[in-house]
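In the numbering used here, the protein residues as written are 132 to 389.
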Ligand SMILES: Nc1ncnc2c1ncn2[C@@H]1O[C@H](COP(=O)(O)OP(=O)(O)OP(=O)(O)O)[C@@H](O)[C@H]1O
Ligand SMILES: [Mg+2]
């Protein structure tokens with residue numbers, strides 16, 4: 132469906148941040164792209180969504196293909212018209228606008244904005260609030276709604292967990308999974324919080340220093356202690372950053388793995 136073939140991305144024509152990345156996001160599934168700080172996850176999503184052109188960066192090799200169509204160097208609005216929406220890493224919402232006005236910005240019509248409140252009743256309760264005063268989790272939910280209201284086929288999500296407590300992250304990813312199933316969406320989910328992402332994903336890729344180093348089902352990745360520790364930093368020292376349930380699940384899987 133959405134495929135990357137040997138994609139290379141360079142900043143300022145020299146610094147290669149993504150090196151020979153080949154992956155695909157299967158239709159109607161959640162695929163997660165994991166990795167620690169600076170691995171190249173955001174760069175990969177901005178390359179797909181076309182926003183890379185605004186970063187003094189470029190796709191210098193390989194191909195990004197959606198439904199047989201080449202996306203390399205397409206402008207963001209043209210990618211979006213093909214049904215691919217991005218929930219960006221930073222500046223996800225307009226702080227000075229109300230929740231409703233944020234949604235109207237991407238919705239195009241008041242009717243669509245109302246439909247989103249049926250999908251996310253919690254957001255409906257916050258409709259008149261100024262976005263800048265929302266909690267971190269509420270802001271991420273609003274950002275998700277702003278992308279969903281454009282009725283995309285493919286949703287690219289960059290770190291919904293940014294700055295959130297593990298419990299809030301798990302709840303949010305649960306909401307994402309619910310909507311993904313209801314709508315039959317294709318999701319490419321970028322996350323540093325590997326345990327939380329793998330709890331909702333159908334398939335995962337692990338990125339390190341611009342390259343993909345592993346991929347597999349959540350079960351396979353979770354049961355591989357070395358991957359979790361070396362590439363995702365979910366070894367003992369970091370356990371308190373993961374949600375209790377996720378860590379418990381991870382430990383259980385590791386025990387099975389022997
Ligand atoms: N605008 C930029 N100009 C130059 N280099 C950049 C720019 N943005 C990112 N990079 C570099 O590209 C590499 C990959 O960064 P990227 O933001 O894609 O990583 P990431 O996996 O999203 O990390 P994080 O989990 O911290 O968000 C890093 O070495 C980073 O320093
Ligand atoms: Mg990032």
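C-beta: ideal position from N, C-alpha, C; glycine also.
Since this is a predicted model, take the numbers as computed values, not measurements.
Limits of the unbroken alpha helix (DSSP H) element including residue i
i           : result
residue 175 : 172 to 180
residue 192 : Premise fails: residue 192 lies in the beta strand (DSSP E), 188 to 197, not in any alpha helix (DSSP H).
residue 314 : 297 to 314
residue 237 : 230 to 238
residue 335 : Residue 335 -> not in any alpha helix (DSSP H); beta strand (DSSP E) instead, spanning 334 to 339.
Coarse secondary structure for residue i, derived from DSSP in three states
i           : result
residue 253 : helix
residue 208 : helix
residue 288 : strand
residue 278 : helix
residue 220 : coil
residue 200 : strand
residue 363 : coil
residue 258 : coil
residue 265 : coil
residue 353 : helix
Residue i versus residue j: straight-line alpha-carbon distance, rounded
i           : j           : result
residue 319 : residue 356 : 24 Å
residue 235 : residue 241 : 7 Å
residue 134 : residue 180 : 13 Å
residue 352 : residue 326 : 10 Å
residue 200 : residue 213 : 10 Å
residue 330 : residue 163 : 10 Å
residue 193 : residue 246 : 39 Å
residue 170 : residue 178 : 14 Å
residue 142 : residue 152 : 16 Å
residue 150 : residue 176 : 14 Å
residue 278 : residue 269 : 14 Å
residue 311 : residue 317 : 7 Å
residue 239 : residue 147 : 38 Å
Distance CB(residue i)-CB(residue j) smaller than 8 Å
i           : j           : result
residue 138 : residue 183 : no
residue 191 : residue 202 : no
residue 262 : residue 302 : no
residue 267 : residue 305 : no
residue 281 : residue 292 : no
Segment limits, beta strand (DSSP E) that includes residue i
i           : result
residue 326 : That residue, residue 326, is in no beta strand (DSSP E); its alpha helix (DSSP H) goes 325 to 329.
residue 146 : 146 to 156
residue 320 : 317 to 322
residue 343 : 342 to 347
residue 135 : 133 to 142
residue 165 : 161 to 165
Chain C within 8 Å of residue i, Cβ atoms only
i           : result
residue 286 : Although the question refers to chain C, the structure presented lacks it and comprises just one protein chain.
Any residue whose CB is nearer than 7 Å to a heavy atom belonging to ligand 2, listed in chain order
172, 173, 220, 289, 290 and 321
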